[in-house]
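Okay, structure first, notes after.
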Amino acid sequence: MEGRYRKFVRDLPQTIFYCPSCKGRKGGCERCDGYGKLTKDSVQEILARKILPMYKARRGKFHGAGREDVDVRMLGGGRPFVFEILKPRNLEVDEEALLDAIHDYGAGRIQVTKLVPVPRRRVAELKETHSDKIYRVLVSLEKGSLEKGSLEKGSLEKGSLEKGSLERGSQENGVMENGVPENGVPENRVPEAEALEEGLSAETVSEEMRADGREPSQGDLLEGEVWERARALVGQHWEVLQRTPHRVAHRRADKERRRRVEILDVGRCDEYLEVEIRCQHGTYVKEWISGDRGRSSPSLGELLACPTTCLALDVLDILGPFPELDRGEAPSFEDELSWPLPTDLSADPWILDSISEISRRAPEQG
Ligand SMILES: [Zn+2]
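Take a look at the structure:
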């Protein structure tokens, strides 16, 4: 069965999160308190607990079209998946009742489209589709200077940021030419730009403070030249050279890849910067924000001439295009998600409080 899921929380992995210490063996270990896994639930398990009993099946497999980290929300149009039901003994399933059951059980955590039957080869089709993605990132601006090495590599000088000036090489992916989808940029984030154009001379705020011997706070940075630079980056794109991230370099070959990153919009959330980007498949987004000690360049930090780190990340769209189905239409959500989400979370639209211990211990699965 094919569907799409949305994930609204930051402590839910896509698939069963086996304990890395005991690999999920029966009885577990100390690290997982005997459970064999690090989270109670996953998207896969929420679905399985409702789907399998209704189909009278004992086993199911979850195949996602890619995956997001446990602490990354999956919003927008959701992520395609195939849930494979092995040896179902009942095929007379009430679709509505099944969806209701999933949504009751996963309320506030996940949402799924209707599920449609697909042939087995659909799993490979979904997995082989290399999609551009749109992300919204909450970025923390750090005081001080960029780590040594990252600035020199990025050829960043004031005035060098004309559109596309940092782009190198050719575009491998023709999909990119289509530009931004209509739903890619929310409308509610422009007023700050007008304030700037009206002559709010932000440039001087942090410079004056430094002259006074005070260190600018994060909020001051965002009032000042950093914000102006951020606004100037909207609509630009870069070919980013990314070495295998430092965090996984111990278990993966150190390779280089080039990925296209485009800044679609910038905004502010309290003292933090919000950046909406479109990335080619396989872009290391968190590393593009931080620069990963010079391993990812040009990074957002280089472009802003200010050290930056990724506080939180949401996937807003997976652009595909996924191949069509032979029969019928691939399932999709009928409603559009608004931002902030229409929940009681509006006081903290990024639900930063809920970034769990688990995600800090194991920031990357898979
Ligand atoms: Zn364990």
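Going by the numbering used here, the first residue of the sequence shown is number 1067, and it counts up by one from there.
We put the CB at the ideal spot given by N, CA and C, even for glycine.
- Sorted by position in the chain, C1085, S1087, C1088, G1094, C1095, R1097 and C1098 make up the residues whose C-beta lies under 5 Å from a heavy atom of ligand 1.
- Boundaries of the beta strand (DSSP E) harbouring V1203: K1199 to L1207, taken from the DSSP string.
- Taking a cut-off of 8 Å for Cβ pairs, the stretch 1136-1150 and the stretch 1361-1376 do not touch, as fewer than three such pairs fall below it.
- In the three-state scheme derived from DSSP, where H, G and I count as helix and E and B as strand, R1133 is classed as coil.
- Using a 10 angstroms sphere on the CB of D1331, the tally of other CB atoms reaches 16 or more, which defines it as buried.
- M1120: member of the alpha helix (DSSP H) spanning V1109 to M1120, first to last residue.
- The straight-line gap separating the alpha-carbon atoms of E1305 and R1326 is approximately 4 Å.
- Residue pairing by DSSP places C1345 opposite K1199 and V1327 in a beta bridge.
- CA-to-CA, the gap between R1133 and L1152 works out to about 22 Å.
- Around D1170, the same chain offers no residue with a beta carbon nearer than 7 Å, after the five sequence neighbours per side are excluded.
- Cβ neighbours of R1091 within its own chain (closer than 8 Å, five residues either side excluded): G1102.
- Under the 8 Å Cβ criterion, the stretch 1390-1397 does not count as touching the stretch 1196-1205, having fewer than three qualifying pairs.
- By the C-beta criterion, the stretch 1370-1383 is judged not to be in contact with the stretch 1183-1191, since fewer than 3 inter-stretch pairs fall below 8 Å.
- Annotation for I1082: K1103, S1108, Q1110 and E1111 place their beta carbon closer than 7 Å to its own, counting only its chain and skipping 5 residues before and after.
- According to the DSSP secondary-structure assignment, W1304 is paired through a beta bridge with V1327.
- Considering only R1155, Y1071, C1345 and V1136, the residue with the shortest C-alpha distance to R1125 is R1155.
- At the C-beta level, L1382 and F1074 stay beyond 8 Å of one another.
- DSSP places Y1338 within a strand segment (E or B) once states are collapsed to three.
- Annotated as distal: G1333 and E1322, with beta-carbon spacing of 8 Å or more.
- In this structure, DSSP gives E1390 a state outside helix and strand, which the three-state scheme calls coil.
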